[in-house]
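Chemist: Same order as they appear, the protein sequences are chains W and B.
Heads up: the first sequence begins at 3 in our numbering, then just goes up one per residue.
Heads up: the second sequence begins at 6 in our numbering, then just goes up one per residue.
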Amino acid sequence: SMHFNDPKYPMQWHLNNRRSPGRDINVTGVWERNVTGRGVTVVVVDDGVEHTIQDIAPNYCPEGSYDLNSNDPDPMPHPDEENGNHHGTRCAGEIAAVPNNSFCAVGVAYGSRIAGIRVLDGPLTDSMEAVAFNKHYQINDIYSCSWGPDDDGKTVDGPHQLGKAALQHGVIAGRQGFGSIFVVASGNGGQHNDNCNYDGYANSIYTVTIGAVDEEGRMPFYAEECASMLAVTFSGGDKMLRSIVTTDWDLQKGTGCTEGHTGTSAAAPLAAGMIALMLQVRPCLTWRDVQHIIVFTATQYEDRHADWLTNEAGFSHSHQHGFGLLNAWRLVNAAKIWTSVPYLASYVSPVLKENKAVPQSPHSLEVLWNVSRMDLEMSGLKTLEHVAVTVSITHPRRGSLEVKLFCPSGMMSLIGAPRSMDSDPSGFNDWTFSTVRCWGERAKGVYKLVIRDVGNEPLQVGILRQWQLTLYGSVWSPVDIRDRQRLLESAMSGEYLHDDFTLPCPPGLKIPEEDGYTITPNTLKTLVLVGCFTIFWTIYYMLEVYLSQRSVASAPGCRSGPCRWPPRSRRSREEWTELESVPLCNSKDLDGTETESGGPPTTSGLLVPDLLHEGDWSPSQNKNAPDFPHQRPPELLQGEEQIC
Amino acid sequence: LAGTGGTDTQGIGGLSWAVHLDSLEGEQEEESLAQKADAVAQAAGLVNAGRIGELQGHYLFIQPVGHKQAMEVEAMRQQAEAVLARHEAVRWHSEQTLLKRAKR
Numbered sequence: 003s004m005h006f007n008d009p010k011y012p013m014q015w016h017l018n019n020r021r022s023p024g025r026d027i028n029v030t031g032v033w034e035r036n037v038t039g040r041g042v043t044v045v046v047v048d049d050g051v052e053h054t055i056q057d058i059a060p061n062y063c064p065e066g067s068y069d070l071n072s073n074d075p076d077p078m079p080h081p082d083e084e085n086g087n088h089h090g091t092r093c094a095g096e097i098a099a100v101p102n103n104s105f106c107a108v109g110v111a112y113g114s115r116i117a118g119i120r121v122l123d124g125p126l127t128d129s130m131e132a133v134a135f136n137k138h139y140q141i142n143d144i145y146s147c148s149w150g151p152d153d154d155g156k157t158v159d160g161p162h163q164l165g166k167a168a169l170q171h172g173v174i175a176g177r178q179g180f181g182s183i184f185v186v187a188s189g190n191g192g193q194h195n196d197n198c199n200y201d202g203y204a205n206s207i208y209t210v211t212i213g214a215v216d217e218e219g220r221m222p223f224y225a226e227e228c229a230s231m232l233a234v235t236f237s238g239g240d241k242m243l244r245s246i247v248t249t250d251w252d253l254q255k256g257t258g259c260t261e262g263h264t265g266t267s268a269a270a271p272l273a274a275g276m277i278a279l280m281l282q283v284r285p286c287l288t289w290r291d292v293q294h295i296i297v298f299t300a301t302q303y304e305d306r307h308a309d310w311l312t313n314e315a316g317f318s319h320s321h322q323h324g325f326g327l328l329n330a331w332r333l334v335n336a337a338k339i340w341t342s343v344p345y346l347a348s349y350v351s352p353v354l355k356e357n358k359a360v361p362q363s364p365h366s367l368e369v370l371w372n373v374s375r376m377d378l379e380m381s382g383l384k385t386l387e388h389v390a391v392t393v394s395i396t397h398p399r400r401g402s403l404e405v406k407l408f409c410p411s412g413m414m415s416l417i418g419a420p421r422s423m424d425s426d427p428s429g430f431n432d433w434t435f436s437t438v439r440c441w442g443e444r445a446k447g448v449y450k451l452v453i454r455d456v457g458n459e460p461l462q463v464g465i466l467r468q469w470q471l472t473l474y475g476s477v478w479s480p481v482d483i484r485d486r487q488r489l490l491e492s493a494m495s496g497e498y499l500h501d502d503f504t505l506p507c508p509p510g511l512k513i514p515e516e517d518g519y520t521i522t523p524n525t526l527k528t529l530v531l532v533g534c535f536t537i538f539w540t541i542y543y544m545l546e547v548y549l550s551q552r553s554v555a556s557a558p559g560c561r562s563g564p565c566r567w568p569p570r571s572r573r574s575r576e577e578w579t580e581l582e583s584v585p586l587c588n589s590k591d592l593d594g595t596e597t598e599s600g601g602p603p604t605t606s607g608l609l610v611p612d613l614l615h616e617g618d619w620s621p622s623q624n625k626n627a628p629d630f631p632h633q634r635p636p637e638l639l640q641g642e643e644q645i646c
Numbered sequence: 006l007a008g009t010g011g012t013d014t015q016g017i018g019g020l021s022w023a024v025h026l027d028s029l030e031g032e033q034e035e036e037s038l039a040q041k042a043d044a045v046a047q048a049a050g051l052v053n054a055g056r057i058g059e060l061q062g063h064y065l066f067i068q069p070v071g072h073k074q075a076m077e078v079e080a081m082r083q084q085a086e087a088v089l090a091r092h093e094a095v096r097w098h099s100e101q102t103l104l105k106r107a108k109r
């Protein structure tokens, strides 16, 4: 029943796919129940957001925005030759484009507020990333990041020391302590056999890593496989398939609307929009609650190539599609009744020194580590969420290495996929891989790391120097997980998705930010200038009043008794300007008679004689004169008796 | 500069270091940490550009303004590295380098 007058809405198949029903994010039912992202702020960390464009402006949130490339609060993108800085505006449109404004498209969370942090359009350092990830983190709830290290199939990089610290600080202290939600795109390196486990943003436990599927539900040519991918949502595919329609910038060649937004760049903002819908119905979801709900509700679907594997907890994961397709209806209904997951428990194994050779395929090196009940007693960890492995392996050609991890249940994760384009001779140096494929499984048991050399150069020998296992999870037992799965399925009818049903939310924490909404240097300078001008004018005016009062007091009529002010005729009251003071200057009429005043002296207004005509004199001719256009300078009164 | 987005000016170019200062027990006071940062920056021949975002005890030190010859810049880098490496108040430091990121 949802109709919008936005001209491109009918072409937004990812919102409502009329051509292939079901091949969309299933959001219209959520909108019908007034869940549109109200009260939630999403920030696009990118090359800027053109917030003046008609489709963005009403939802724009300046308090959550900043420009780190130019160091000012306005993240407007700068036009460049390649017409390239439209990226952030397109992502913003996907999230919160305004409906029913007869312009372009509609956002997934069109009731939410959208902010922008411009950081990609200039030199970028670790410290700038750290500032970006926590910028206005009590205002911004969700950070949408459709970027990452190069997807060239030979890069191994991610957040450096400060970026990591900022991500961690964000989930601990952001969003009033419930944790900032970081949504990242898994990467577009599919054609180079890239894998998002070589991207530290994508395989971080603090981020929601989102991949893409095309309109036919298949992995697009550019998508990457990844054991740490949580879920996928729609984006463009090859040339024959439709891409995502969203707002565009209108600078350079931009028209304000595009039908060509694609890549995992387009998928991540759709996920951010759906998470905003979740936070509207349950603002106190923690960053881990959001990840759990995605795992519990993503839908597996038929794709022969996807190689789905169901783990011990009943969750099916594919290296291509994560736990499956995001479904807005399922996400929001689950969020509505979700009670928070217990605290994050973790276990870190000792650094396991191995110094063993990595044999050539089909042989492989297997190393094991047993996690006992005793090991987990301290933390209370029972079931798994993320599992991370930090490895140091020397090898003359890094891309020839293949690393697999087996959880106690036997669930296999290909964490280090071979990459034919990666000829880097430095191997892995304390690089951390991670997997979500064992989510919900028991933590206790034997973990197995299997490494082999799939290269075809005969004499190269890789050495596994050391490795370390880190388990993240909670005190939930497998039974708790099954109960929660059943509870969520019971909520999918939508019976709880109305305003009368609300679970209590604990209050958030009051966490001050480094700098709230600060005044910019330029504004400060302007204020100082205006202030100085005002002070100068005030002093001048007081002096003038004082001097004119003294000259009146020393006039002949005053010495023997009360001063007599010149009368104010009726005509003068309408024509002359009333200013709050005593008369500036007492002028006699040309025939020498002083105008008599019958009434009491009025101090309510300055009597400014209307003697000047257009062009007779201008302030600039008298540098000290104040800026009164009608006042007559003393020298022009030579012919008359000068009273001042 | 602290708290006024000072660290955000860093992207303009020139040498810069991120520094994590040891804060003594109870020395949470931002003021005293900022003063300590100023002192360490001065000792290293740099300027304290303020705290890095919301990260407690993390500061950005940048090269003083003014164009310098390559030789001078290299000398400044070595002096700063030497001072920061030895300074007891510095728990960790890292010269900031450019990161290569791609839109997806």
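Virtual Cβ for every residue (Gly too), placed ideally from N, Cα, C.
(1) Could you please tell me which residues of the region 32-58 of chain W, in chain order, have their CB closer than 9 Å to any CB of chain B?
(2) Locate the alpha helix (DSSP H) running through W/W33, then write down its first and last residues.
(3) May I have the straight-line CA-CA distance separating W/A308 from W/I296, to the nearest angstrom?
(4) Could you check whether B/S37 and B/E100 sit closer than 9 Å to each other, using their CB atoms as the reference points?
(5) Give a yes or no on whether the C-beta atoms belonging to W/M231 and W/C198 are separated by under 9 Å.
(6) Return the bridge partner residues of W/N357 from the DSSP annotation.
(7) Are the C-beta of W/P125 and some C-beta of chain B separated by less than 9 Å?
(8) Rounded to whole angstroms, what is the Cα-Cα separation between B/G19 and B/Q68?
(9) Flag B/R106 as yes if its beta-carbon sits less than 9 Å from any beta-carbon of chain W, otherwise no.
(10) Among W/Q551, W/I207 and W/Q302, which has the Cα closest to the Cα of W/F435?
(11) Quick check: what's the CA-CA separation for W/L122 versus W/M376?
(12) Let's test the definition: count the other Cβ atoms within 10 Å of the Cβ of W/S22 and tell me whether it reaches 16, buried, or not, exposed.
(13) To the nearest angstrom, how far is the alpha carbon of W/C560 from that of W/S553?
(14) When Cβ atoms are compared, which residues of the region 134-145 of chain W fall closer than 9 Å to chain B?
(15) Alpha carbon to alpha carbon, how far is W/W539 from W/G600? Give it in angstroms, no decimals.
(16) Please list, in chain order, the chain B residues whose beta carbon lies closer than 8 Å to that of W/E131.
(17) What residue range does the alpha helix (DSSP H) around W/H53 cover?
(18) So, for B/E59: in the same chain, excluding its five sequence neighbours on each side, which residues have a beta-carbon less than 8 Å away from its beta-carbon?
(19) Which same chain residues end up closer than 7 Å to W/P77 when comparing Cβ atoms and leaving out the 5 residues on each side of it in sequence?
(20) In terms of DSSP beta bridges, what is W/W414 paired with?
(21) If you measure between the beta carbons of W/V32 and W/L499, is that distance less than 9 Å?
(22) Chain W beta carbons: is any one of them nearer than 9 Å to that of B/L65?
(23) Quick one: which residues of the region 142-174 of chain W get their C-beta closer than 7 Å to a C-beta of chain B? List them in chain order.
(24) Tell me where the alpha helix (DSSP H) around W/V100 begins and ends.
(25) Pick helix, strand or coil for W/K625, following the three-state DSSP scheme.
(26) Please state the DSSP three-state secondary structure of W/N136.
(27) Candidates W/L287, W/S245, W/A99 and W/Y62: which alpha carbon is nearest W/V173's?
(28) Apart from the five residues on each side of it in sequence, which residues of its chain come closer than 7 Å, Cβ to Cβ, to W/H162?
(29) Over the uninterrupted beta strand (DSSP E) stretch that includes W/H263, give me the two end residues.
(30) Between W/D128 and chain B, is any beta-carbon pair separated by less than 9 Å?
(31) Using DSSP with H/G/I as helix, E/B as strand and the rest coil, what is W/T540?
(32) Measure the beta-carbon distance from W/A225 to W/A214 and round it to whole angstroms, keeping in mind my assumption that it falls under 8 Å.
(33) Quick check: the region 504-516 of chain W against the region 408-427 of chain W, are at least 3 beta-carbon pairs closer than 8 Å?
(34) What would DSSP say about W/Y145, mapped onto helix, strand or coil?
(35) If you draw a straight line from the C-alpha of W/W441 to the C-alpha of B/V52, how long is it?
(36) Just to confirm the assignment: which complete alpha helix (DSSP H) runs, minimum length 4, are found wholly within the region 152-239 of chain W?
Modeler: Quick answer:
(1) Cβ contacts with chain B come from D48 and D49.
(2) On the first sequence, residue 33 of chain W is found 31 positions in, with the first residue counted as 1. From DSSP, the alpha helix (DSSP H) with W/W33 extends over T30 to E34.
(3) As a working note, residue 308 of chain W is residue 306 in the first sequence. As a working note, residue 296 of chain W is residue 294 in the first sequence. Approximately 18 Å, taken between the alpha carbons.
(4) Against the second sequence, residue 100 of chain B aligns to sequence position 95. Against the second sequence, residue 37 of chain B aligns to sequence position 32. Not in contact: B/E100 and B/S37 (Cβ atoms no closer than 9 Å).
(5) Taking the first residue of the first sequence as 1, we reach residue 231 of chain W at position 229. Taking the first residue of the first sequence as 1, we reach residue 198 of chain W at position 196. Yes.
(6) Residue numbering aside, residue 357 of chain W sits at position 355 when the first sequence is read from its first letter. In the DSSP output, where bridge partners are listed per residue, W/N357 has none listed.
(7) Counting from 1 along the first sequence, the entry for residue 125 of chain W is found at position 123. A Cβ of chain B is located within less than 9 Å of the beta carbon of W/P125.
(8) Taking the second sequence and counting its residues from 1, the one referred to as residue 19 of chain B is at position 14. Taking the second sequence and counting its residues from 1, the one referred to as residue 68 of chain B is at position 63. About 6 Å.
(9) Walking along the second sequence from the start, residue 106 of chain B turns up at place 101. Answer yes: the Cβ-Cβ gap between B/R106 and chain W drops below 9 Å somewhere.
(10) By one-based count along the first sequence, residue 435 of chain W stands at place 433. Ranking W/Q551, W/I207 and W/Q302 by Cα distance to W/F435 puts W/I207 first.
(11) Here residue 122 of chain W refers to the residue found at position 120 of the first sequence. Here residue 376 of chain W refers to the residue found at position 374 of the first sequence. Looking at the two C-alpha atoms, the distance is approximately 47 Å.
(12) Residue mapping note: residue 22 of chain W aligns to position 20 of the first sequence, counting from 1. The residue is exposed, with fewer than 16 neighbouring Cβ atoms inside 10 Å.
(13) Sequence index remark: in the first sequence, residue 560 of chain W carries index 558 (1-based). Sequence index remark: in the first sequence, residue 553 of chain W carries index 551 (1-based). Residue placement at W/C560 cannot be trusted, given a pLDDT of 47 that sits under 50; what the coordinates show is reported in the next sentence. One alpha carbon belongs to W/C560, the other to W/S553, and they sit about 10 Å apart.
(14) Taking 9 Å as the Cβ-Cβ cut-off against chain B, the residues of the region 134-145 of chain W that qualify are A134, F135, N136, K137 and Y139.
(15) As a first step, residue 600 of chain W is located in the first sequence; it is residue number 598 there, counting from the start. As a first step, residue 539 of chain W is located in the first sequence; it is residue number 537 there, counting from the start. Because the pLDDT at W/G600 is just 41, under 50, the model does not fix this residue reliably, and the point stays unresolved.
(16) Residue numbering aside, residue 131 of chain W sits at position 129 when the first sequence is read from its first letter. Chain B residues near W/E131: L104.
(17) Here residue 53 of chain W refers to the residue found at position 51 of the first sequence. It is not in any alpha helix (DSSP H) - W/H53 carries neither H nor E in the DSSP assignment.
(18) Position 54 of the second sequence, counted from the first residue, corresponds to residue 59 of chain B. Same-chain partners within the cutoff: there are none.
(19) Here the question's residue 77 of chain W lines up with position 75 in the first sequence. Closer than 7 Å at Cβ, skipping near neighbours: G50, V51, S67, Y68, D69, G118, I119 and R120.
(20) For this step, residue 414 of chain W is matched to residue 412 along the first sequence. Looking at the sequence itself, residue 414 of chain W is Met, so the reference to Trp does not match. In DSSP, W/M414 forms a bridge with W/F408.
(21) Against the first sequence, residue 32 of chain W aligns to sequence position 30. Against the first sequence, residue 499 of chain W aligns to sequence position 497. Yes, these two residues count as a Cβ contact at 9 Å.
(22) Looking up residue 65 of chain B in the second sequence gives position 60. Yes, contact with chain W.
(23) So the close ones are S148, W149, G150, P151, D152, D153, Q163, L164, A167, A168 and H171.
(24) Reading the first sequence from its first residue, position 98 is the one you call residue 100 of chain W. Per DSSP, W/V100 belongs to no alpha helix (DSSP H) and is neither H nor E.
(25) In the first sequence, the residue the question calls residue 625 of chain W occupies position 623. Residue placement at W/K625 cannot be trusted, given a pLDDT of 38 that sits under 50; what the coordinates show is reported in the next sentence. Of the three classes helix, strand and coil, the one that applies to W/K625 here is coil, per DSSP.
(26) Here residue 136 of chain W refers to the residue found at position 134 of the first sequence. If DSSP states are grouped into helix, strand and coil, W/N136 belongs with coil.
(27) Translated into positions along the first sequence, residue 173 of chain W becomes position 171. When each option's Cα is compared against that of W/V173, the closest is W/L287.
(28) Position 160 of the first sequence, counted from the first residue, corresponds to residue 162 of chain W. For W/H162, where only same-chain residues beyond five positions count, the Cβ hits under 7 Å are D128.
(29) As a working mapping, residue 263 of chain W is identified with position 261 in the first sequence. Here the beta strand (DSSP E) through W/H263 covers C259 to H263.
(30) The count along the first sequence starts at 1 and reaches residue 128 of chain W at position 126. For W/D128, the answer is yes, since a Cβ of chain B falls inside 9 Å of its Cβ.
(31) Taking the first sequence and counting its residues from 1, one reaches residue 540 of chain W at position 538. In this structure, W/T540 counts as helix in the three-state DSSP scheme.
(32) Here residue 225 of chain W corresponds to residue number 223 of the first sequence, with the count starting at 1. Here residue 214 of chain W corresponds to residue number 212 of the first sequence, with the count starting at 1. Confirmed, about 5 Å.
(33) Judged by Cβ distances under 8 Å, the region 408-427 of chain W makes no contact with the region 504-516 of chain W, as fewer than three pairs qualify.
(34) By 1-based counting over the first sequence, the position of residue 145 of chain W is 143. W/Y145 falls in the strand class under three-state DSSP.
(35) Taking the first sequence and counting its residues from 1, one reaches residue 441 of chain W at position 439. Taking the second sequence and counting its residues from 1, one reaches residue 52 of chain B at position 47. Approximately 47 Å between the Cα atoms of the pair.
(36) 163-175
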